[in-house]
Structure formats: structure tokens, C-alpha cells
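Asks: So that we are looking at the same thing, I have put the structure below in C-alpha cells.
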Amino acid sequence: MTRNPSKLVVVGHGAAGLAAALSVAEQARSRGLDIDVTLLEKSSQADAGGNTRWSPSYIRLAAPDRVAPDFEEDMREASGGSADRSYFRKLAGHAVRTIGWLQSHGVEFVTPIYYLSAGPARIQPLGGGSAIVEKLLAAATSAGVKVRYQHEAKALVLGKGGRVSGIAVLSADGASITLDAGAVILASGGFQGNPAMMRAQFGAAAETIKLISPGTRFDTGDGIRMATDHGASVSGDWNGMHIEPIDPRSTGSAPVVLVYPYGIVVDQDGRRFMDEGSGLVHETWEAFARDIHFARPNSIAYAILDSRLFDIEGYQRAIRSEVPPYQSPLLEDLAAQIRVPARNLIETVEAFNAAATGNVGQFDATRCDGLATATELEPPKSNWARPITKPPFLAYPLVGGLAYTFGGLATNEKAEVLGAQAPMPGLYAAGETTGHFYGTAPNAVAVLRALVFGRIAGCEAVDFVAGLGENGQG
Ligand SMILES: Cc1cc2nc3c(=O)[nH]c(=O)nc-3n(C[C@H](O)[C@H](O)[C@H](O)COP(=O)(O)OP(=O)(O)OC[C@H]3O[C@@H](n4cnc5c(N)ncnc54)[C@H](O)[C@@H]3O)c2cc1C
């Protein structure tokens, strides 16, 4: 008698979903289990990969084989003390073996030179996030994972005892189908691409935030909704998002402009509104970009610099826009180009220059150098305060570019989705679909946690369906 294979479905073709699907196929093979694994992706093959594909994928590890000793404490700090310790302990504990696993599938890691300023040690896959997508996809398909593009997961089907029994899908030809599944792993990203959910959490202005990459729009909160429709608990900061300052003129992906700490930033009225030098760029960009979108006139600001920018070694690394800055030998003319009242801009620069003249110390773009403005300037500038006097004067327009949201499903260290009282049987989630981030996004952790918990979800889901018996239906 032939046994029917158990069936398992993964939703999403980013780091979390591909790690999960491959890990299912590998576990099944190594345990001699007959498990049929299908990965559903709502975009076309050409567009697949969500945020992962467009992400440089900096990963916060001291080296591919070493977690920094302060990792867990840093996670606690970034979350203002709200982080689930067991989640981040598991992340730290599985980080190195997960990177080793990626290496075994052909992903190479290098030590990157990060923008301009330092911060925690990071590694990076050669080729960025698209290399992760490409290599894991190749390994998954050769391990037998069936990938169905233009198949959008719509709803979970639960059976006896609330156990997952299938998933409703809108297929490429517009037909609604239901796939049997003894377990489902949700890895469909956050809800940043869903204007209605964005409005509900952040207000009407959130609907107009520019998305940072072409892959970001596919993450429309579907996994979160599908699980909460059946009573899943949520976690993470529902008022949290990771957003970075980008050049609105650029047509490229993630055209960040991260030289604002070395000049001043003005609003459309030509006035400063922030301490541009309050910290390293990855410590200030999120609050800054959010403030631009939600609190500044026309949701735009301008970084104003002078030609000394070009003397900063490697300054190009901090500018990912292909469009040159507005520039002019005269501030008055620069103001006209960016439609800021010239008198205001000149006044602002003069007041800043007066407060920045005479400060002692050595300018150093790579660390907080302590070059601060004199006390009377409001708002102050705490580091990198040098007078703006050397023409040509430069202006970069900046708007917020949204990468991902923090609010998501509550999961435990086995990547099980939690219901009101207990894990929901047969339901797993990883990556942005899960919550866990509070306050500020911990720098260079999103891809790592997608990979680590995607892989864990795959292993745990195999254990689960293996325990169900024939058909994986219990
Ligand atoms: C420009 C940019 C830079 C970044 N830089 C970094 C960095 O340096 N370091 C870092 O750690 N993080 C970074 N991030 C964040 C990080 O890349 C993401 O958080 C991470 O890759 C998310 O992986 P994921 O698998 O959870 O989601 P995604 O990679 O977004 O994948 C989700 C997939 O699910 C699919 N999907 C959605 N809904 C459905 C549905 N209903 N049915 C089927 N499929 C569906 C989507 O199409 C998509 O393919 C960056 C992000 C961006 C955009």
C-alpha cells in the first residue's frame, strides 16, 4: 500500500519563507519522511523576493562564526526593555549555525564597509539579499519544494481542535482553490504595503509614505490577518515602523541619503527642526525620517551642506541616490532651486555658522566627534558641527522611505503562532509577519531573524506533521 505524503505549505518567497521551505525539505529527507512542501508566492517569478531581494542584508554578527557578546543586551536596549528575551536568546543561539547553513548552500559572506559611520560589527552576503533569495530558491527547488508563483494565500482552514488543515489560495488563473496542509508557515512580510492597515495604525498620512523598494509593496499584512482571523495573538510595536531618509527624485531602490549629519537639515520654510548630529546615522534615521513624513510641511526636508562634503573620505558610500544634489555658489540661488524662502535659509545658515564657529576638536565623520554648536543654538547640533561656508552649497531633498512595520504575530522560540491560551496547532510564522520589534528597529537584525526563525519553523513544522500520521491530517 502506498502512503499519501504529508502536506505542508509555506507562504512567502523572502528570507523567512525560503529558509522555512528548504529546511522542511531537508528535514524530511534526513528523517526519511514523505512530505510534500509547497511554497506560495503572490507575485510573479520576476518580482518575487519581497523586501529581502532589495535589501543589502547587513547582518549583525561579529563574524560569520561569532555573535557579539553584547547582542542580547543590545536587543533589550533597542526595544526599550520590551523585547522577549527568550526569542532573542534563541536568535543569538542559532545565528552562527544558520549562517553556516547558508554558506553550505553557496551564500558567501563578507565584512562590509557600512555607509560612513561605524556602529556594531556586521557581515553581509555577497550580492546582498538577492543572493539569499537566489541560492535558497535553487537549493529548495532541487530539494523538491514546489514553488507556485502568482498564488496568493487568502485564508487558513482549521479543522478538529483548531488544527490547521489547509489554506485557501487565489491562483494565477483567478481560480480559488484550497490546498490541504497539515501545517502552514506564514512568511508573507509585514503590512507596509497595505494602505488600509497603515491608515488604521498610523493615521491617514501613513497612506502616502513612499515605499523604499519595489519589493516592499507585496507585503500587505496577509499572513497577520489570516492568523488573527482565527484568534492569533499579536506582538511587537503596532506604532513602530522602519523608515529611512531617501531622495524622492531617484527612480532607484532605497536611494538613501545619509550625509545629513555633516550639514544641517531644514524644512520647506528654511528652518532647522532637529539635532542633526545626535547620534550615528543608524541611530537617528528612523525617528528623523518618520518626523519628516508626519510632522514637516509637504512631508519633505532638505539636507544643506557645502563642498567640504566632497573632502570626506568615502562620502559616496552614504549616498545611494543617482541624482546629484542641487548646488549653487550662492545660498540665495540654492534656496530658489528647492523653493525655500531665501531669507529664511540664509538666516538659518548664518545662525548655525555663528554657533559652530570656534568649536575645537577634529572633525571625524566615522564616529561621534563631539564637535557641537554653542549652547544658544536651538535646536543644538551635538556632533559634526562645522560652519557651512565653502561653496558650492548643496541641497539634497529627503522624504521618508518605508521598509517594514513592527506589529505582527506573537510567536514563541519554536516559531509557533500563539493563540489566546496556547500555540495554534500546525501554525508557524517567521520574519516580518511576526512582531517582536519595539521602539526602534535593532540595526541589522531583520534578515537574520527571518532566516533563523524561518529555518526553525521548518524543523518544528516537520516534527508536527510527522506526529500527525498519514496525510498529515491527524
Ligand atoms: C531597502 C531595504 C534595506 C534593508 N536593509 C536591511 C539590512 O541591511 N539588514 C536587515 O537585517 N534588514 C534589512 N531590511 C529589512 C529586511 O530585508 C526584511 O525585514 C527581511 O528581508 C524580511 O524578510 P521576510 O521573509 O519576512 O519578508 P519578505 O522578504 O518581504 O518576503 C515576503 C514575501 O511574501 C510574499 N507574500 C506576501 N503576501 C502573500 C500572500 N498573501 N500569498 C503569497 N505570498 C505573499 C511577498 O510577495 C514576498 O515575496 C531592509 C529592507 C529593505 C526593503
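Here the sequence shown stands for residues 11 to 484, where the numbers follow this note's numbering. Ideal Cβ positions, reconstructed from N, Cα and C, are used throughout, including at glycine.
Verify the contact flag: Leu458, CB atom, against every heavy atom of ligand 1, threshold strictly below 8 Å.
Replies: Start at 1 with the first residue of the sequence shown, and residue 458 comes out as number 448. Yes - ligand 1 has a heavy atom lying nearer than 8 Å to the Cβ of Leu458.
Asks: Note the first and the last residue of the continuous alpha helix (DSSP H) segment covering Gln337.
Replies: On the sequence shown, residue 337 is found 327 positions in, with the first residue counted as 1. Not the alpha helix (DSSP H): Gln337 falls in the beta strand (DSSP E), residues 336-338.
Asks: Quick one: Cα of Arg396 to Cα of Leu381, how far?
Replies: As a working mapping, residue 396 is identified with position 386 in the sequence shown. As a working mapping, residue 381 is identified with position 371 in the sequence shown. Approximately 8 Å between the Cα atoms of the pair.
Asks: Is there a Cβ from chain C that is less than 9 Å from the Cβ of Gly137?
Replies: Judged by its chain identifiers, the structure shown contains no chain C, having just a single protein chain.
Asks: In the DSSP assignment, what are the bridge partners of Leu419?
Replies: Your numbering for residue 419 matches position 409 in the sequence shown. DSSP, once it has assigned bridges, lists Val244, Thr444 as partnering Leu419.
Asks: Could you check whether the stretch 31-48 touches the stretch 463-475, counting it as contact only if at least three pairs of C-beta atoms, one from each stretch, sit closer than 8 Å?
Replies: At 8 Å Cβ cutoff, the stretches touch.
Asks: In whole angstroms, what is the alpha-carbon distance linking Ser92 and Pro433?
Replies: Within the sequence shown, the letter at position 82 stands for residue 92. Within the sequence shown, the letter at position 423 stands for residue 433. The alpha-carbon atoms of Ser92 and Pro433 are separated by roughly 21 Å.
Asks: Please report the distance separating the alpha-carbon of Gln412 from that of Gln202.
Replies: Stepping through the sequence shown from its first residue, residue 412 is reached at position 402. Stepping through the sequence shown from its first residue, residue 202 is reached at position 192. For the record, residue 412 in the displayed sequence is Leu; it is not Gln. Approximately 7 Å between the Cα atoms of the pair.
Asks: Roughly how many whole angstroms lie between the Cα atoms of Arg39 and His23?
Replies: Position 29 of the sequence shown, counted from the first residue, corresponds to residue 39. Position 13 of the sequence shown, counted from the first residue, corresponds to residue 23. Those two C-alpha atoms are separated by around 21 Å.
Asks: Who are the near neighbours of Ser140 in its chain, counting only those whose CB is closer than 6 Å to its CB and skipping five residues on each side?
Replies: Start at 1 with the first residue of the sequence shown, and residue 140 comes out as number 130. Only Arg63 meet the Cβ criterion.
Asks: Regarding Ala413 and ligand 1, is the C-beta to nearest heavy atom distance less than 8 Å?
Replies: Numbered from 1 along the sequence shown, position 403 holds the residue referred to as residue 413. Ala413: yes, Cβ under 8 Å from ligand 1.
Asks: Does DSSP classify Ile222 as helix, strand or coil?
Replies: Counting from one through the sequence shown, the residue named residue 222 turns up at place 212. Looking at Ile222 - three-state DSSP - the assignment turns out to be coil, as it is neither helix nor strand.
Asks: Would Gln347 and Ala405 qualify as a contact pair, given that the criterion is a beta-carbon distance under 9 Å?
Replies: As a position in the sequence shown, residue 347 is number 337, starting the count at 1. As a position in the sequence shown, residue 405 is number 395, starting the count at 1. Yes, Cβ-Cβ distance for Gln347 and Ala405 is below 9 Å.
Asks: Which residue spans inside the stretch 100-173 form an unbroken alpha helix (DSSP H) run of at least 4?
Replies: Complete alpha helix (DSSP H) runs here, min 4: 138-152.
Asks: On the premise that Ile253 lies in contact with Glu296, defined as a C-beta separation below 8 Å, what is that separation, rounded to the nearest angstrom?
Replies: The residue given as residue 296 occupies position 286 in the sequence shown. The residue given as residue 253 occupies position 243 in the sequence shown. Yes, they are in contact, since the Cβ atoms of Glu296 and Ile253 sit about 6 Å apart, within 8 Å.
Asks: Tell me which residue opens and which closes the beta strand (DSSP E) that Asp316 is part of.
Replies: The sequence position of residue 316 within the sequence shown is 306, counting from 1. Taken as a continuous stretch (DSSP letters only), Asp316 belongs to no beta strand (DSSP E), as it is neither H nor E.
Asks: What distance in whole Å lies between the Cβ atoms of Ala476 and Leu189, which are believed to be in contact at a cut-off of 8 Å?
Replies: Here residue 189 corresponds to residue number 179 of the sequence shown, with the count starting at 1. Here residue 476 corresponds to residue number 466 of the sequence shown, with the count starting at 1. Actually they do not touch by this definition, with Cβ atoms about 19 Å apart.
Asks: Whether or not the stretch 253-272 and the stretch 298-306 are in contact is what I'm after, with contact meaning three or more pairs of Cβ atoms, one per stretch, closer than 8 Å; do they touch?
Replies: Segments in contact, yes.
Asks: Does Gly410 come out as helix, strand or coil in the three-state DSSP assignment?
Replies: Residue mapping note: residue 410 aligns to position 400 of the sequence shown, counting from 1. Here Gly410 sits in strand by DSSP.
Asks: Just checking Leu408 against ligand 1 - is the residue's beta carbon closer than 8 Å to any of the ligand's heavy atoms?
Replies: The sequence position of residue 408 within the sequence shown is 398, counting from 1. No - ligand 1 has no heavy atom lying nearer than 8 Å to the Cβ of Leu408.
Asks: On the CB-based measure, 16 or more other CB atoms within 10 Å of its CB, does Ala428 come out buried or exposed?
Replies: Along the sequence shown, read from residue 1 onward, the residue named residue 428 stands at position 418. One point to set straight first is that residue 428 is Leu, not Ala, in the sequence displayed. Classification for Leu428: buried.
Asks: Tell me the DSSP secondary structure of Gln483 in three-state form.
Replies: Residue 483 sits at position 473 when you count from the first residue of the sequence shown. Caution is warranted here: a pLDDT of 43 is assigned to Gln483, below 50, making its placement in the model unreliable, and the coordinate value is therefore given only provisionally. In the structure shown, Gln483 sits in coil (DSSP, three-state: anything other than H, G, I, E or B).
Asks: Between the stretch 129-145 and the stretch 322-338, do at least 3 Cβ pairs fall closer than 8 Å?
Replies: No contact exists between the stretch 129-145 and the stretch 322-338.
Asks: If you draw a straight line from the alpha carbon of Phe81 to that of Tyr68, how long is it in whole angstroms?
Replies: In the sequence shown, the residue the question calls residue 81 occupies position 71. In the sequence shown, the residue the question calls residue 68 occupies position 58. When rounded, the distance between both Cα atoms is 15 Å.
Asks: Could you name the residues of the same chain whose beta carbon sits closer than 7 Å to that of Asp232, not counting the 5 residues immediately before and after it, in chain order?
Replies: Here the question's residue 232 lines up with position 222 in the sequence shown. Once the five neighbours on either side are set aside, the close Cβ partners of Asp232 are Ala163, Ser198.
Asks: Do the stretch 163-177 and the stretch 212-224 make contact, defined as three or more Cβ pairs closer than 8 Å?
Replies: Cβ pair count under 8 Å is below three, so no.
Asks: If the criterion is Cβ atoms closer than 9 Å, does the pair Ser245 and Asp46 meet it?
Replies: Taking the first residue of the sequence shown as 1, we reach residue 245 at position 235. Taking the first residue of the sequence shown as 1, we reach residue 46 at position 36. Contact flag unset, no.
Asks: Name the one or two DSSP bridge partners that Arg282 has.
Replies: Sequence index remark: in the sequence shown, residue 282 carries index 272 (1-based). Arg282 pairs with Val276.
Asks: Hey, out of Lys17, Tyr124, Glu51, whose CA is closest to Ala26's CA?
Replies: Looking up residue 26 in the sequence shown gives position 16. Residue Glu51 is the option with its Cα nearest to Ala26.
Asks: Around the C-beta of Arg70, are 16 or more other C-beta atoms found within 10 angstroms, so that it is buried, or is it exposed?
Replies: Here the question's residue 70 lines up with position 60 in the sequence shown. That one is buried.
Asks: Where does Met11 fall in DSSP's three states?
Replies: In the sequence shown, counting from the first residue as 1, residue 11 sits at position 1. For Met11, the predicted model reports a pLDDT of 40, less than 50, meaning its position is unreliable; a value from the coordinates is still stated below. Reduced to three states, the DSSP call for Met11 is coil.
Asks: Look at the alpha carbon of Asn481 and the alpha carbon of Gly192, and state the distance between them as a whole number of angstroms.
Replies: In the sequence shown, residue 481 corresponds to position 471, counting from 1. In the sequence shown, residue 192 corresponds to position 182, counting from 1. No answer about Asn481 holds up, because its pLDDT of 42 lies below 50 and its placement is not dependable.
Asks: Name the one or two DSSP bridge partners that Gly176 has.
Replies: Here residue 176 refers to the residue found at position 166 of the sequence shown. Its beta-bridge partners are Val167, Asp190.
Asks: For Ala439, report the span of its beta strand (DSSP E) as first-last.
Replies: Taking the sequence shown and counting its residues from 1, the one referred to as residue 439 is at position 429. Segment 433-439, the beta strand (DSSP E) holding Ala439.
Asks: If we count Cβ pairs, one from each stretch, closer than 8 Å, do we get three or more for the stretch 312-325 versus the stretch 385-403?
Replies: Contact between the stretch 312-325 and the stretch 385-403 is present, because at least three Cβ pairs lie under 8 Å.
Asks: Is the beta carbon of Gly110 closer than 9 Å to that of Asp75?
Replies: Taking the first residue of the sequence shown as 1, we reach residue 75 at position 65. Taking the first residue of the sequence shown as 1, we reach residue 110 at position 100. Cβ atoms of Asp75 and Gly110: closer than 9 Å.
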